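To get full-length UniProt numbering, take the position in the sequence shown, counting from 1, and add 27.
Where is the CB? At the ideal position from N, CA and C, for every residue including glycine.
Keep in mind it's a predicted model, so treat the numbers as computed, not measured.
Report on one structure; see the data block that follows.
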Amino acid sequence: ARTLYYVATPIGNLEDITLRAVRTLREVDVVATEDTRVTLGLLRHLHIGPKKLVAHHDHNLASSVPKLIELLEGGASVAVVSDAGTPGISDPGLALAAECARRSIPIVPVPGACAAVAAISVSGFVSTEFIFGGFLPRSGSGRKARIAEMVGERRAVVLYEAPHRMLDTLGDLKMAGAGGRGVVVAREMTKLHEEFHRGTIASAHAWYAAIAERDGKLRGEFAVVIAPLDAATLEQREGEAAAVAEERATEA
Ligand code: SAM
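Here's what the structure looks like:
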C-alpha cells in the first residue's frame, strides 16, 4: 500500500510484459493510465478483472496528480502505465514521480519494454555510452539548435519520431551535414512488420522518401539510432572498452 509503481507495458508484441508487471497490475488498487481504452484492452488481454482507472496524461496533470497523491496518501497502491513502453520515457510520469519524491511516497520501477533501449540494443553501434534525444522540437530555433547538437554529438543518439515527421527529420539532419553518418531506423519493433533500415542518414532519407511516394505516406512507429561520430571514434571506444574489460579481468 501507499506505493507508486512505474510499470512498463509492451511496445507492440503483447508477450513483452514481465511476470512482475502482470502481478503488479493485478494487485494494485488503482491504475493511472495515459489512455483508458488502451489500458482496458491490455488488462482484458491479461485476464485482469475490473480495476479503478484514473486518467493521467499530459493534458490533465493539474487535476490527475493531486488526485493520485490523495489516493496514495490514503493508503492506496497505484500503478502508472502509458500507452506503450516505459512510463516517464517521452511519456507522462515526470510530474507525479517528482511530487511523490517530494512527499517521500515510495516509487518502485517495474521495468520492461522501452523502444529506445530495444533499438540501441540491435543497432550494432557502440552503446556503452549513448544519448537519448527523445522527440526533437517540431520547429523554430529550438529544433535548429537540437539538430546541430545531434550532428556534433560524438556518441550514438536515439531519437523518437512520428511517421509523418520522419522525412523532415532525416532531411534536416542531412542538410545540417550528417548525411554520411551511419544510422539504423527501427520501424514497428516487436510487431508484424518490424524492419530495420541500416545505412547512412542520406540513404535512409532516400529509402523512406521512396516508400512514402509509393504508399502515399509513411506508416508505423519509428525509432532512429544515429551512429557515433566516425569509425576512428568507434575503434577508439572499442579499444577502451576492451582495456577496461581486461583491467577488470586482471583485477578479479
Ligand atoms: N515510453 C515509450 C517507451 O518506453 O519506448 C515511448 C513513448 S513515445 C510517446 C512513442 C514513440 O516511441 C514513438 O513515436 C516511436 O518513436 C517510439 N516507438 C514506440 N514503439 C515503437 C516500436 N514498436 N517501434 C519503433 N519505435 C517505437
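Query                                                                                                                                                    : Result
State the CB to CB distance for the pair F157 and V184, rounded to an integer number of angstroms; the pair is presumed to be in contact (CB under 8 Å). : 7 Å
Which partner residues does P226 have in the DSSP bridge list?                                                                                           : The sequence given here places Gly at residue 226; Pro does not occur at that position. Paired residues: V210.
Within the continuous beta strand (DSSP E) that includes A124, where are the two ends?                                                                   : Per DSSP, A124 belongs to no beta strand (DSSP E); it is in the alpha helix (DSSP H), L121 to R129.
Is I116 a contact residue of ligand 1, with contact defined as CB to any heavy atom under 7 Å?                                                           : yes
Strictly by DSSP, which residues pair up with E188?                                                                                                      : F249
Ends of the alpha helix (DSSP H) at T36?                                                                                                                 : That residue, T36, is in no alpha helix (DSSP H); it is neither H nor E in DSSP.
What number of angstroms, rounded off, separates the C-alpha of residue 27 from the C-alpha of T277?                                                     : Absent from the structure is residue 27, since the part of the chain shown begins at 28 and ends at 279.
Would you grab the beta carbon distance between E188 and V252 for me? Rounded to a whole angstrom, and I think it's under 8 Å.                           : Not a contact, Cβ separation roughly 12 Å.
Scan the segment 95-124 and note each continuous beta strand (DSSP E) run of 3 residues or more that stays entirely inside, going in chain order.        : 105-108
Please name the residue, chosen from V65, P37, I38 and Y32, that lies closest to T51 on a Cα-to-Cα basis.                                                : Y32
Taking the alpha carbon of L70 as the point to measure from, which residue in K94, A103, I96 and V34 has its own alpha carbon closest?                   : V34
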